[in-house]
Each structure stands twice: as C-alpha cells, then as structure tokens.
Amino acid sequence: AAGVIQSPRHLIKEKRETATLKCYPIPRHDTVYWYQQGPGQDPQFLISFYEKMQSDKGSIPDRFSAQQFSDYHSELNMSSLELGDSALYFCASSLVRLGTDTQYFGPGTRLTVL
Amino acid sequence: AQSVSQHNHHVILSEAASLELGCNYSYGGTVNLFWYVQYPGQHLQLLLKYFSGDPLVKGIKGFEAEFIKSKFSFNLRKPSVQWSDTAEYFCAVRPEYSGGGADGLTFGKGTHLIIQP
C-alpha cells in the first residue's frame, strides 16, 4: 500500500538559512500533520491542515510556516534556522472526513543545522 | 490540554517474557488512544488504537491494550516478546474527533524496550 512520502530524507543547513520540507500524503487522505522529534525525545505536534485549511496548531515557532496545496501535499518552511531546530521532522496523513482519524506517519526528514 | 505519562522509560526483558507497558493520560473529555512503535532508525508505525466499544483492543504483531476509563489508562501488553520487538514505544492521545477539524496527537515520552536473546 502507498505510504506517506517525505522529501528530502536528509538535509544539512547552516544557521540562519532557510529550509523547505515536503510531504505527500497517502492517496485520498485529506489531512496532513507535522511533528518535530528531537534526539531521544517524543514527537511534538507542530501544525495540521484539513482540506487545505489550517486545522490545529501546536508548538510551531513563528519562524516556521506551512501550507497544504490543492493536490493535498504540504510544505513546511523554516527560516532563520537555529541549532536547536536539528531534529527529525515527521509528516503524517489521515482521512478525517470519514471520522476515523488514524494518523499514518512518513519516514521523516532529518534536518541538521550546523 | 491533554497530557500522557508513560511510567517506564527503559525496559529490558528476555525473549518469551511477558510485557506490560503503562500509559496514563490526563484529559477532561473523551479521547482516542494509540500505541505507536518506532524501530531503530525508522518512522512511527501504528500498533493499535482505541476509539470506542470493546476496551480490549488487539493490534499487530500480537500486541493488545486495555482501556480502563476509571483509571485513565491504556496499557500495552504482549504475552511473549521476541528479540524483534526491541524498539521505542509511544502512547498517544487526542481529543475525540468532533467534526471540528484534525487535532494533533500528544505523545508520551516513550519507553525504550530492549529484548535480550
């Protein structure tokens, strides 16, 4: 079965640079979620989009923004990168409109900020 | 806001031993509950979930969990573990879907399970 696709899988950036992470949900899923997992930490919810509209917001820094496009893929834009942004960024997708909100996770993008 | 507490951060067992990982949540309303597993270097995979109905739910790979509403608990169990069960296990909660949108999951800190051959 098709899964959530994330690109790139690995990304190395310098401090104060910008980064864009992409997420392609499971086909026909209408909702995308972004999570940040620091080393040895639990995943922290950042933001979600349902039918291209922002749905829920967690601990997303103001330096980060995200959106969901007409084809349901999503991008997480990160500016003024800091060393503490180094983490694994997961995207998850679900089919909310059927009322069975089970989130399926992608392989993640490992961001390293030097 | 909801929160999740996992009692054991590190558990070491021998193969064929029985497993129980504790999970308690804090939230004033109805919740959906999940257990995810993360094998070394891999992404989160859903083990099982509880939305409603029978409080004893069965998942993949022989895992099961019991929702005890009065104790706000959702403990994960497996009668006989295997070396391949070595992984990080996360309990997660979210408010029950109310039609208002898609809420993010709140995860516990995780339990690092090591199975010794």
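Protein sequence lines correspond, in order, to chains A and B. Heads up, the first sequence stops at 114 in our numbering, and the numbers go up one at a time, no gaps. Heads up, the second sequence stops at 1117 in our numbering, and the numbers go up one at a time, no gaps. We put the beta carbon where it would ideally sit given N, CA and C, even for glycine.
- Rounded to the nearest whole angstrom, the CA to CA distance from A/Q41 to A/K15 is 22 Å.
- When the Cα atoms are used, A/S55 and B/Q1082 turn out to be separated by approximately 40 Å.
- Its Cα nearest to that of B/L1013, the residue B/K1078 stands out among B/R1094, B/K1078, B/D1103.
- The C-beta of A/L83 has fewer than 16 other C-beta atoms within 10 Å across all chains shown, which makes the residue exposed.
- Remark: three or more beta-carbon pairs, one from each stretch, lie closer than 8 Å, so the segment 90-99 of chain A and the segment 30-37 of chain A are flagged as touching.
- The DSSP-derived three-state label of A/L83 is helix.
- According to the DSSP assignment, A/T112 belongs to the beta strand (DSSP E) that extends over 109-113.
- Here A/V113 is near A/S86, since their CB atoms are less than 8 Å apart.
- The C-beta distance from A/H10 to A/R110 rounds to 5 Å, short enough to fall under 8 Å.
- Under a criterion of Cβ atoms nearer than 9 Å, no residue of chain A is adjacent to B/F1063; the nearest Cβ is some 16 Å distant.
- Taking the C-beta atoms as reference points, B/L1044 is found nearer than 8 Å to A/F105.
- Under the Cβ criterion of 8 Å, B/T1086 is not counted among the residues facing chain A.
- Legend: CB atoms of the segment 33-63 of chain A lying less than 7 Å from CB atoms of chain B belong to residues Y33, D42, P43, F45, S48, Y50, S55, D56, G58.
- Judged by DSSP in its simplified three-state form, A/R97 adopts helix.
- If you look at A/R28, you'll find it isn't in any beta strand (DSSP E); DSSP assigns it neither H nor E.
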